[in-house]
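> In UniProt numbering, the protein residues as written are 1 to 248.
Ideal placement from N, C-alpha and C gives every residue a C-beta, glycine not left out.
None of these values were measured; they are calculated from a predicted model.
Here you go, one structure.
What follows is the structure, given as structure tokens:
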């Protein structure tokens, strides 16, 4: 199991596909792991040199002592890029991974394109979602996301659900510069495909549409018959759009 030590954490990563193919970095969602991409991974491996990673404190990566902000998530991903020696790469980010992908694309000139699913760029707007985040607890996670809790406790070398819940609450409600890009998302100069499930209560259709005000060339997709987990619920639709984007 390859890992790299960075800022007091052991970060898991995994390589697959042909090294001669264009590189694609996968960034998963909050309280997830590289397994978030399991449904679409076989398709990606046929066309890309795939770099998977588990975010700090998630999956098979330890937490270390750094705060789990979006800025840190992007910094850790940049470290993985350095370790794997990528000269240029595409990014595919789901949920929190997509939010970090925007930040990375705005900062790293090696990024060639960005695909996101269910990824906020401007933070929590809905009062009910904010209240839900404020009231997050380990008990709530165990009740509503039992499968993800079981996966986390099975994969992580040092699982501590209470700490992770606190970390996620802080990340999702972060209004500082370490959080969402907001209008600075306009610094992205590469092709962007941003998608959401039509029933995603975490990332609204309005926020998706407003991305065009800052990235007028971005491709936007409202995926039918899908919620926040559109990446696994409507994999075929997501992949069809990606094939068109990359001319596959």
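1. Assuming residue 23 and residue 78 are in contact, meaning their beta carbons sit under 8 Å apart, how far apart are those beta carbons, in whole angstroms?
2. Where in the segment 70 to 149 do unbroken runs of the alpha helix (DSSP H), each at least 4 residues long, occur, reported from the N-terminal end onward?
3. Rounding to the nearest angstrom, what Cα-Cα distance links residue 1 and residue 148 in this structure?
4. Alpha carbon to alpha carbon, what distance is there between residue 168 and residue 75?
5. In three-state terms, what does DSSP make of residue 227?
6. Taking the C-alpha atoms as reference points, what is the distance between residue 96 and residue 207?
7. Tell me whether residue 171, by its Cβ, gets closer than 8 Å to a heavy atom of the ligand ATP.
8. Whose C-beta lies closer than 6 Å to the C-beta of residue 329 among residues of the same chain, with five residues either side of it excluded?
9. Cutting at 7 Å between CB atoms, please list the residues of its own chain near residue 62, excluding the five before and the five after it.
10. Who are the Cβ neighbours of residue 86 in its own chain at under 8 Å, not counting the five residues just before and after it?
11. Check for me: the beta strand (DSSP E) holding residue 11 runs from which residue to which?
12. How long is the line joining the alpha carbons of residue 230 and residue 224, rounded to whole angstroms?
According to the data block:
1. Contact between residue 23 and residue 78 fails: their C-beta atoms lie close to 14 Å from each other, not under 8 Å.
2. Every alpha helix (DSSP H) stretch that sits fully inside the segment 70 to 149 and reaches 4 residues is listed by chain position as 70 to 84, 96 to 107, 127 to 134, 138 to 144.
3. Each residue's Cα considered, the two are about 21 Å apart.
4. Distance between the alpha carbons of residue 75 and residue 168 is about 17 Å.
5. It is coil, neither helix nor strand.
6. Their Cα atoms are separated by approximately 15 Å.
7. This structure simply doesn't include the ligand ATP, nor any ligand for that matter.
8. Past the edges of the chain, shown from 1 to 248, lies residue 329, and the structure says nothing about it.
9. Taking C-beta separations shorter than 7 Å and ignoring five residues to either side along the sequence, the partners of residue 62 in its chain run 9, 10, 157, 158, following chain order.
10. Here the set comprises 23, 25, 51, 110.
11. Start and end: 9 to 16.
12. The straight-line gap separating the alpha-carbon atoms of residue 230 and residue 224 is approximately 9 Å.
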